[in-house]
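Read in our numbering, the sequence shown has 42 at position 35, and its numbers run on one by one without any break.
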Amino acid sequence: MPKFFGEKILMRIFIGEGDKYGRKPLYEALIDYLIKEGFAGATVLRGVAGFGAHSLYHTDKILRLSSDLPLIIEVVASQTKLDKAMPMIDEMMSGGLITTEEVNVVRYCNKDDKQCVLNEP
Numbered sequence: 008m009p010k011f012f013g014e015k016i017l018m019r020i021f022i023g024e025g026d027k028y029g030r031k032p033l034y035e036a037l038i039d040y041l042i043k044e045g046f047a048g049a050t051v052l053r054g055v056a057g058f059g060a061h062s063l064y065h066t067d068k069i070l071r072l073s074s075d076l077p078l079i080i081e082v083v084a085s086q087t088k089l090d091k092a093m094p095m096i097d098e099m100m101s102g103g104l105i106t107t108e109e110v111n112v113v114r115y116c117n118k119d120d121k122q123c124v125l126n127e128p
């Protein structure tokens with residue numbers, strides 16, 4: 008596993024659960040693309056409630072039959088890697104929001120990595 012420590016960029020992609028890319032859910036298409044491009048990892052988080060540009064309130068309340076809940080995809084990578092991927096990500100999205108912020112990665116390893124150590128400042 009390559010070293011993945013230090014200053015990186017956290018990108019958050021905010022979309023709706025009902026968003027599609029072709030016939031596939033957009034979040035699945037984005038994850039597939041990130042895997043294909045060799046990103047270290049990504050996480051899809053499901054919101055329990057939210058609203059966006061149209062101010063429509065979406066909630067996970069049980070009585071609601073169709074909810075289009077908010078999803079957030081989080082990806083940590085170098086600025087260079089994100090810049091390279093951004094045109095395709097933008098093409099895949101018909102709406103939504105993307106934010107980025109600087110982060111400091113202090114630990115990155117899988118559960119089977121016996122050599123995993125913290126990044127020393």
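Glycine residues also receive a C-beta, built at the ideal position from the N, C-alpha and C atoms.
The structure presented is a predicted model; accordingly, all values stated were derived computationally and were not measured.
- Note on geometry: alpha-carbon atoms of Ala36 and Cys116 lie some 25 angstroms from one another.
- Met100 carries a coil assignment under DSSP once its states are collapsed to helix, strand and coil.
- Here Gly54 is actually not in contact with Leu33; their C-beta atoms are around 15 angstroms apart, not less than 8 angstroms.
- Residue state for Lys88 is assigned as helix, using DSSP reduced to three classes.
- DSSP lists Ile79, Leu104 as the bridge partner or partners of Phe21.
- Out of Asp120, Ala49, Lys118, Val112, the CA that lies nearest to the CA of Glu14 is found in Val112.
- If you draw a straight line from the Cα of Glu109 to the Cα of Gly29, it is about 32 angstroms long.
- Distance from the CA atom of Ser101 to the CA atom of Phe11, rounded to whole angstroms, is 32 angstroms.
- If only complete runs of 3 or more residues are kept, the region 26-58 shows the beta strand (DSSP E) at 49-53, in order along the chain.
- Note on geometry: alpha-carbon atoms of Gln86 and Lys118 lie some 26 angstroms from one another.
- Among the bridge pairs identified by DSSP, Asn111 is matched with Glu14.
- Taking the Cα positions, Met95 is about 19 angstroms away from Glu24.
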